[in-house]
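> Right, I'll just put the structure down here and ask away after.
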Amino acid sequence: MSLLSVRDLCVKFAMRDNTVTALNQISFDLAKGERLGIVGESGAGKSITGFALMNLLSRPGFVDSGNILFQGDDIAQMSDAQMRRIRGNRMAMIFQDPMVTLNPVLTIGQQMVETLMAHRKLSKSEAEQIAIVKLREVYIPSPAERLKQYPHELSGGMRQRIIIAIALLLDPQLIIADEPTTALDVTIQADIMELLLELCETNKVGLILITHDLGVVSQMTERTLVMYAGRIIEAGRTREIINDPQHPYTQGLINALPQQTAPGQRLKQIPGNMPSLTAIPSGCPFAPRCEYVQDHCRTDAPETVKYTHVEVACHEVNRLHSDKAEEMTR
Amino acid sequence: MFAYLVKRVFQAIAVMFVISLIGFAIQDNLGDPLRELVGQSVSEEVRQELRDELGLNDSFVTQYLRFAGNALQGDLGTSYFFKEPALDVILKKLPATMELVFGATIIIIGLSIPVGVYTAIYPNTILSRLVMGISIIGISVPVFLTAILMIFVFSVEYGWFPSYGRGDLVHVFGPWETNFATVDGWMHIMLPSIALASIMLPLFVRLIRAEMMEVLQSEYVKYAKAKGIRPWRIYFVHALKNTLLPVITVGGVQIGTMVAYTILTETVFQWPGMGFMFLEAVNRVDTPLIVAYLIVVGFIFVVTNTIVDLIYGLVNPTVNLARMGA
Ligand SMILES: Nc1ncnc2c1ncn2[C@@H]1O[C@H](COP(=O)(O)OP(=O)(O)OP(=O)(O)O)[C@@H](O)[C@H]1O
Ligand SMILES: [Mg+2]
Chain W
821 MSLLSVRDLC
831 VKFAMRDNTV
841 TALNQISFDL
851 AKGERLGIVG
861 ESGAGKSITG
871 FALMNLLSRP
881 GFVDSGNILF
891 QGDDIAQMSD
901 AQMRRIRGNR
911 MAMIFQDPMV
921 TLNPVLTIGQ
931 QMVETLMAHR
941 KLSKSEAEQI
951 AIVKLREVYI
961 PSPAERLKQY
971 PHELSGGMRQ
981 RIIIAIALLL
991 DPQLIIADEP
1001 TTALDVTIQA
1011 DIMELLLELC
1021 ETNKVGLILI
1031 THDLGVVSQM
1041 TERTLVMYAG
1051 RIIEAGRTRE
1061 IINDPQHPYT
1071 QGLINALPQQ
1081 TAPGQRLKQI
1091 PGNMPSLTAI
1101 PSGCPFAPRC
1111 EYVQDHCRTD
1121 APETVKYTHV
1131 EVACHEVNRL
1141 HSDKAEEMTR
Chain L
2 MFAYLVKRVF
12 QAIAVMFVIS
22 LIGFAIQDNL
32 GDPLRELVGQ
42 SVSEEVRQEL
52 RDELGLNDSF
62 VTQYLRFAGN
72 ALQGDLGTSY
82 FFKEPALDVI
92 LKKLPATMEL
102 VFGATIIIIG
112 LSIPVGVYTA
122 IYPNTILSRL
132 VMGISIIGIS
142 VPVFLTAILM
152 IFVFSVEYGW
162 FPSYGRGDLV
172 HVFGPWETNF
182 ATVDGWMHIM
192 LPSIALASIM
202 LPLFVRLIRA
212 EMMEVLQSEY
222 VKYAKAKGIR
232 PWRIYFVHAL
242 KNTLLPVITV
252 GGVQIGTMVA
262 YTILTETVFQ
272 WPGMGFMFLE
282 AVNRVDTPLI
292 VAYLIVVGFI
302 FVVTNTIVDL
312 IYGLVNPTVN
322 LARMGA
């Protein structure tokens, strides 16, 4: 049985006089200890996916239909009280900006101890001992003294390490990390990612890593979902998606990477912008920006099909592939 | 910490200087001390002589320095009416006013926090809408109207509470006699405290509600939920502490302002405090007493503000008092 199984998840936002669809028929699985990347441009619905998995969508967002099976229980159907016992315990989340994630008026110790005591019957000193052990695991120097400090006394990198330690406090099966390093100094981004990878591997924790950095995804994850306008448009093993992307959007993302461009040349951006939720075109949402677009792309929504080693939602994937084969032989 | 304290004390002294200037200017322009001293029947020459003797013909600066020097030694002039040092008259009335302000403060704190928190957590319930509606009315109704209405309903109609005076008092020390030691004292302080509290209560409820709603949207509250913290702890530990920090600053100023509002409340309830006394002093053109009142109230205001700022620095971990002094 997989750790997490998402089936046809639809999330909507209730607007003043209608609803807009933010997530459209999302389905994916995560095995125990597996690491999955979710990539896509800004506004693709990556964060919404993460919050939906925690049942933490804030109004006006709500799960409209679909199932989120976590270790066999359907999260979308759970009461608040049931869900509370899962959050931070069996499933933990790492937020984007460590400067605003921790509560400024509570000490690090208070924020760690309360998390343990919310899920386990422990005394304060027992909880502090566990906190110290976890802080040591994320390489925080003199952890016992850190417990007495307030967040503002620590650097951003240090705070994100502490947040990782908090995520590990109750030995969860799944960690959802939403752009855990974008708010940090470039020099420490790699350190934090490395730490996260090491901890997930040694503790056999499943990871869902949300990012728009394909480089990070290729280092960190085994499988990848590519999202566009609230849909999964390509899914498969990370190595294969990076080396041989099938969907024109994924190809565009990879071509836009700086490594794909000679120094001094302009980056090969995908022309145009992602549609806003209120103006998603019928048919394939990527059609207006796609260089392989055909008439039926504008009218019929593509089915997700298995193509070679990935799943991809594109009408023209066959033709694309034969073009590419031609290019190779030439 | 020490540097910060010194800085605050200097600021307080500067404010007191301005207040004393205003007080002196009033003293200088309101009423004629000679008329109070000698009456109508004295000739103009004698008056001039007396003026010289009293130093009333000295320059403004000389006169102010004399006034300030006396004030620093606790001499704020002699009340024309009571024929006693003005400061003594006020200090005798001070405990009554302070107890009234204290009672109102307790009511404000005790009500505004739970009500503000409730309306922030459940903004759409009927109860919340009702409270917010009442608070708008509350802000716009003048205190004397509230007070008179309360007397009419609770004293005249139902006879639950007495409508004037302080009732049975118990001596504590010096001029301080307290309302809080007898049932009768408690009964007497009820209506005036509620009336006084009613001025600030809507403001505090709205302030706490607005702050709390903002805090509930913050990342750290969302994060606390993601950690599986129980709702009551999120509301009362994570959110409330951050909500109250800015409220402390505003609240301190408002409690200082409340001392001034006691004038109306005390008058309606015949409460023998310094607000009531002030209105009588104005009617009698008892200039030294008026000026002394202004200076004492200004002093209370400055002291509360300084204390509130220090408390803010102590409870907010992100404020480093030691660094702020530099
Ligand atoms: N409270 C809300 N009300 C209405 N629309 C919202 C709300 N929150 C998010 N959205 C919309 O949902 C879409 C997906 O948002 P989401 O935050 O998941 O994007 P993302 O992929 O995480 O982007 P980014 O890389 O910028 O973080 C966006 O178009 C956004 O405008
Ligand atoms: Mg996001």
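Chains as they are written, first to last, in the numbering used here: chain W, 821 to 1150; chain L, 2 to 327.
Backbone N, C-alpha and C define an ideal beta-carbon position, used for all residues, glycine too.
Source: prediction; values computed, not measured.
Excluding sequence positions up to five away, which residues of its chain have a Cβ less than 6 Å from the Cβ of residue 1113 of chain W?
In the same chain as residue 1113 of chain W, and ignoring 5 residues on each side of it, the C-beta atoms closer than 6 Å to its own belong to 1107, in chain order.
> Count the other C-beta atoms from every protein chain shown that fall within 10 angstroms of the C-beta of residue 1078 of chain W, then say buried if there are 16 or more, exposed otherwise.
That one is exposed.
> Just how far apart, CA to CA, sit residue 326 of chain L and residue 968 of chain W?
Low confidence applies to residue 326 of chain L: its pLDDT is 48, below 50, so where it sits in the model is not reliable enough to give any reading.
> Compile a chain-ordered list of the residues in the region 212-233 of chain L whose CB is closer than 9 Å to at least one CB of chain W.
218, 219, 220, 221, 222, 223, 224, 225, 226, 227, 228, 229, 230, 231, 232
> Residues near ligand 1, CB to any non-hydrogen atom under 5 Å, in chain order?
W:833, W:842, W:862, W:863, W:864, W:865, W:866, W:867, W:868, W:1097
> Put residue 1126 of chain W into one of helix, strand or coil per three-state DSSP.
strand
> Taking 8 Å as the CB-CB cut-off, is residue 172 of chain L touching chain W?
no
> Looking at the structure shown, is residue 997 of chain W part of a helix, part of a strand, or coil, going by DSSP?
strand
> Would the C-beta of residue 917 of chain W count as close to ligand 2, meaning under 7 Å from any of its heavy atoms?
No, since every heavy atom of ligand 2 falls outside the 7 Å radius drawn around the Cβ of residue 917 of chain W.
> What did DSSP end up calling residue 327 of chain L once you bin it into helix, strand or coil?
Bear in mind that the predicted position of residue 327 of chain L carries a pLDDT of just 42, short of 50, making it too unreliable to give a figure here.
> Alpha carbon to alpha carbon, what distance is there between residue 113 of chain L and residue 251 of chain L?
14 Å
> Among the residues of its own chain, which have a CB less than 6 Å from the CB of residue 69 of chain L, if the five just before and after it don't count?
Excluding residues within five positions, the ones whose Cβ falls inside 6 Å are 21.
> Do you know offhand how far residue 316 of chain L's Cα is from residue 1083 of chain W's?
54 Å
> Okay, do the region 1083-1095 of chain W and the region 10-19 of chain L touch, 3+ Cβ pairs below 8 Å being the bar?
no
> For residue 239 of chain L, which three-state DSSP category applies?
helix
> Using beta-carbon positions only, say whether residue 228 of chain L and residue 1057 of chain W come within less than 8 Å of one another.
no
> Return the residue from the list W:1013, W:920, W:941, W:960 that minimises the CA-CA distance to residue 1001 of chain W.
Comparing C-alpha distances from residue 1001 of chain W to each of W:1013, W:920, W:941, W:960 shows the shortest one belongs to W:1013.
> Along the beta strand (DSSP E) that carries residue 1048 of chain W, what are the first and last residues, could you check?
1043-1048
> Measuring alpha carbon to alpha carbon, tell me which of W:891, W:845, W:881, W:987 ends up nearest residue 851 of chain W.
W:891
> Would you report the Cα separation of residue 108 of chain L and residue 26 of chain L, rounded to the nearest angstrom?
37 Å
> By alpha-carbon positions, which one of W:1111, W:1060, W:875 ends up nearest to residue 898 of chain W?
When only C-alpha atoms are compared, the closest one is W:875.
> How would you list, in chain order, the residues of chain L whose beta-carbon sits under 9 Å from the beta-carbon of residue 876 of chain W?
Close to residue 876 of chain W, with beta-carbon spacing below 9 Å, are these residues of chain L in chain order: 223, 226, 227.
> Taking only heavy atoms of ligand 2 into account, decide whether any of them is closer than 7 Å to the Cβ of residue 220 of chain L.
no
> Between the region 988-997 of chain W and the region 911-929 of chain W, can you find at least three pairs of beta-carbon atoms closer than 8 Å?
yes
> Based on DSSP bridge pairs, tell me the residues matched to residue 849 of chain W.
W:825
> Within the continuous alpha helix (DSSP H) that includes residue 981 of chain W, where are the two ends?
976-988
> Going by DSSP, what residues sit across from residue 1131 of chain W in a beta bridge?
W:1055, W:1126, per the DSSP bridge assignment.
> Any heavy atom of ligand 2 closer than 7 Å to the beta-carbon of residue 1033 of chain W?
no
> List, in chain order, every chain W residue whose beta-carbon is nearer than 8 Å to that of residue 243 of chain L.
Those are 923, 924, 925, listed as they occur along chain W.
> My output table needs one value for residue 859 of chain W: the three-state DSSP class, helix, strand or coil.
The three-state secondary structure of residue 859 of chain W, taken from DSSP, is strand.
> Could I get the ranges of all uninterrupted beta strand (DSSP E) runs contained in the region 1073-1131 of chain W, with 3 residues as the minimum, in chain order?
1125-1127
> Any residues in the region 908-921 of chain W with a beta carbon nearer than 8 Å to a beta carbon of chain L? Which ones, in chain order?
908, 909, 912, 913, 915, 917, 920, 921
> Leaving out five residues before and five after residue 75 of chain L in sequence, what residues of the same chain have Cβ atoms less than 7 Å from its Cβ?
88
> Return yes when the C-beta of residue 999 of chain W is under 7 Å from any heavy atom of ligand 2, and no when it is not.
For residue 999 of chain W, the shortest C-beta to heavy atom distance toward ligand 2 is below 7 Å.
> Chain L partners of residue 939 of chain W, CB-CB under 7 Å?
229
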